[in-house]
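Scroll down for the structure; my scribbles are underneath it.
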Amino acid sequence: MARLILKPGKERSLLRRHPWVFAGSVAELDGRARAGDTVEVLNADGRVLARAAWSPESQIRARVWSFDVEASIDHAFFKRKVAAAVARRSAHPLLAGQAGLRLIHGESDGLPGVIADRYGDVVVMQLTSAGADKWRAAIVGALVQATGCTAVYERSDSEVRGLEGLPPTAGCVHGELPAGPLTIVENGVTMEVDVVGGHKTGFYLDQRDNRLLTGRLAAGRQVLNCFCYTGGFSLQALAGGAAGVLSIDSSGPALAGAQRNLAHNPQLDASRAEWREDDVFQALRALRAEGRRFDLIVLDPPKFAPSAAHAERAARAYKDINMLGFRLLNPGGILMSYSCSGGVGLELFQKIVAGAAIDAGVDARIIHRLAAAADHPVGLAVPEGEYLKGLACQVG
Ligand code: SAH
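UniProt numbering numbers the first residue of the sequence shown as 1 and each following residue consecutively.
Okay, here's the thing in structure tokens:
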């Protein structure tokens with residue numbers, strides 16, 4: 001096994017159990033390794049710290065599989081790790097009965113670069129690191145064994161694979177997808193999941209709890225759902241008894257998916273739903289000009305800042321939509337505002353939203369801090385920004 005030797009002092013983050021080795025920390029690779037091969041990681045004094053996957057093309061030069069320096073990284077290792085991740089979800093009371101569930105959440109489940117989401121009998125897998133890519137067969141086998149699923153569909157078409165020197169790839173890697181549309185029931189609402197053409201693995205499972213909360217706050221209210229994708233928040237709001245729900249997204253296919261979802265839920269009053277294909281930045285200004293007002297507004301935009309380098313521009317975009325949102329609220333109204341930008345931590349996000357409230361001239365307070373659902377755990381050593389964060393603010 002090749003040995004990756006760190007520069008002096010560069011073992012600190014590993015000792016704190018952060019599983020990444022950046023290019024700037026590497027003194028040398030002693031021996032030969034191809035992308036994805038397992039290497040031993042040593043500090044400058046020769047002490048072995050971990051076993052990791054080598055990724056020569058990535059700025060993250062190695063990702064730790066195990067801090068147990070004797071661990072064999074083999075089929076049995078992946079079988080154990082995958083089974084443990086699946087068991088954690090099965091044992092969690094808040095996740096009981098969910099047909100749509102994240103089974104593996106990368107680093108936080110000890111499997112860097114591995115995402116697996118379950119939609120009924122189908123598992124959708126995404127591999128984004130050289131190490132994960134190398135162990136594809138072991139991971140698929142372990143998923144089938146741990147879940148008894150009928151199909152595993154791979155959606156490794158994320159741009160981040162390019163950073164690891166990996167080509168995009170997608171398709172069935174086990175079994176066959178069901179013939180018709182794949183649906184899940186999420187807290188009483190049926191949602192179609194387009195595992196082949198949808199965003200990410202087909203659906204934003206991390207927002208499940210927040211969609212439910214929106215439903216619980218929606219009774220009798222006029223709701224505005226910005227960046228609605230296939231209508232997850234909109235349908236929960238209708239289920240919760242919203243008086244009306246206006247949903248906006250710039251993607252025609254996403255809105256078409258929302259229409260199909262509405263059709264899957266005949267129990268909901270579709271006449272209370274209004275849909276607009278538009279850019280949210282413009283639509284919020286237009287709504288103000290039209291004199292529209294709302295009691296509950298959801299802002300769930302895409303990642304504006306993938307890394308800290310984009311934080312400043314992202315901050316302006318967050319401030320803009322939050323300020324416009326605050327201005328559209330009736331007295332007592334609630335703004336539910338999210339960020340999934342790695343480059344924007346919760347503290348910065350709160351500052352931005354606070355600045356937006358001041359600029360909008362409203363008096364606002366946080367009534368809920370909003371996080372991703374329990375099937376999206378965050379490792380304690382993972383940097384602050386790398387997870388979904390949200391604030392529900394009520395204006396005076
Ligand atoms: N809230 C959704 C997920 C939102 S994903 C859910 O719970 O399922 C972000 C969405 O924002 C995508 O559907 C994308 O099409 C849309 N989007 C991105 N930029 C936009 C813009 N400037 N205006 C309107 N929609 C936008």
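Note that the Cβ used here is the ideal one computed from N, Cα and C, for glycine as well.
Just to check my reading of the structure: residue i and residue j have Cβ atoms closer than 8 Å, yes? What is that Cβ distance to the nearest angstrom?
i      : j      : result
Arg63  : Gly131 : 6 Å
Glu164 : Ser58  : 5 Å
Ala356 : Lys389 : The Cβ separation is near 15 Å, so there is no contact.
Arg277 : Ser250 : Checking the sequence shown, residue 277 turns out to be Glu, not Arg. Sure, about 7 Å apart at Cβ, within 8 Å.
Phe67  : Ala50  : 5 Å
Val39  : Ala71  : Rounded, the Cβ-Cβ distance is 13 Å, inconsistent with contact.
Ser156 : Ser55  : About 15 Å; that fails the 8 Å criterion.
Arg288 : Arg316 : Not confirmed; about 19 Å, so no contact.
Val378 : Phe294 : Not really, about 31 Å apart at Cβ, beyond 8 Å.
Gly244 : Arg211 : Rounded, the Cβ-Cβ distance is 18 Å, inconsistent with contact.
Gly342 : Glu386 : 5 Å
For the beta strand (DSSP E) that contains residue i, what are its first and last residues?
i           : result
Leu268      : It is not in any beta strand (DSSP E) - Leu268 carries neither H nor E in the DSSP assignment.
Val124      : 122-127
Met1        : It is not in any beta strand (DSSP E) - Met1 carries neither H nor E in the DSSP assignment.
residue 428 : Nothing can be reported for residue 428, as the shown portion of the chain is limited to 1 through 396.
Arg365      : 364-371
Phe294      : 294-299
Leu111      : No beta strand (DSSP E) holds Leu111; DSSP gives it neither H nor E.
Lys389      : 389-395
Val223      : 222-226
Are the beta-carbon atoms belonging to residue i and residue j less than 8 Å from one another?
i           : j      : result
Cys340      : Val280 : no
Ile352      : Asn322 : yes
Gly241      : Ala256 : no
Val48       : Val21  : no
Ala263      : Ser247 : no
Arg102      : Asp375 : yes
Arg221      : Leu166 : no
Ala381      : His105 : no
Tyr119      : Leu177 : no
Leu213      : Ala239 : no
Val185      : Ala116 : no
Ala44       : Leu4   : no
residue 414 : Leu284 : This structure cannot speak to residue 414, because the chain is shown only from 1 to 396.
Asn265      : Leu217 : no
Helix or strand or just coil, what does DSSP make of residue i?
i      : result
Pro93  : helix
Thr201 : coil
Glu347 : helix
Phe78  : helix
Gln59  : coil
Thr147 : helix
Val196 : coil
Lys319 : helix
Glu312 : helix
Thr214 : helix
Gly175 : strand
Ile139 : helix
Arg260 : helix
Ala305 : coil
Leu182 : coil
Phe233 : helix
Ser25  : helix
Ala356 : helix
Gly252 : helix
Ala239 : helix
Asp206 : helix
Arg118 : strand
Arg276 : strand
Arg32  : coil
Val69  : coil
Ala85  : helix
Counting along the chain, where does the alpha helix (DSSP H) carrying residue i start and finish?
i           : result
Asp133      : 130-134
Gly162      : 160-163
Leu328      : No alpha helix (DSSP H) holds Leu328; DSSP gives it neither H nor E.
Arg47       : Segment: none, Arg47 is in no alpha helix (DSSP H) and carries neither H nor E.
Arg12       : 12-15
residue 397 : No statement about residue 397 is possible, as the shown extent of the chain runs from 1 to 396 and does not include it.
Does the stretch 182-196 come close enough to the stretch 230-247 that 3 or more CB-CB pairs lie under 8 Å?
A contact exists between the stretch 230-247 and the stretch 182-196.
Whether or not the stretch 356-373 and the stretch 303-314 are in contact is what I'm after, with contact meaning three or more pairs of Cβ atoms, one per stretch, closer than 8 Å; do they touch?
Contact fails: fewer than three Cβ-Cβ distances are below 8 Å.
Is it a yes or a no for the stretch 376-396 touching the stretch 326-340, going by three-plus beta-carbon pairs under 8 Å?
By the C-beta criterion, the stretch 376-396 is judged to be in contact with the stretch 326-340, since at least 3 inter-stretch pairs fall below 8 Å.
Examine the Cβ distances between the stretch 119-136 and the stretch 195-210 and report whether three or more of them are shorter than 8 Å.
With a cut-off of 8 Å, the stretch 195-210 and the stretch 119-136 count as touching, because enough Cβ pairs lie within range.
At least three beta-carbon pairs within less than 8 Å, the stretch 109-122 to the stretch 84-100:
Contact between the stretch 109-122 and the stretch 84-100 is present, because at least three Cβ pairs lie under 8 Å.
On the three-pair Cβ rule with 8 Å, is the stretch 140-149 touching the stretch 169-180?
The stretch 140-149, when compared against the stretch 169-180, does touch it at the 8 Å Cβ threshold.
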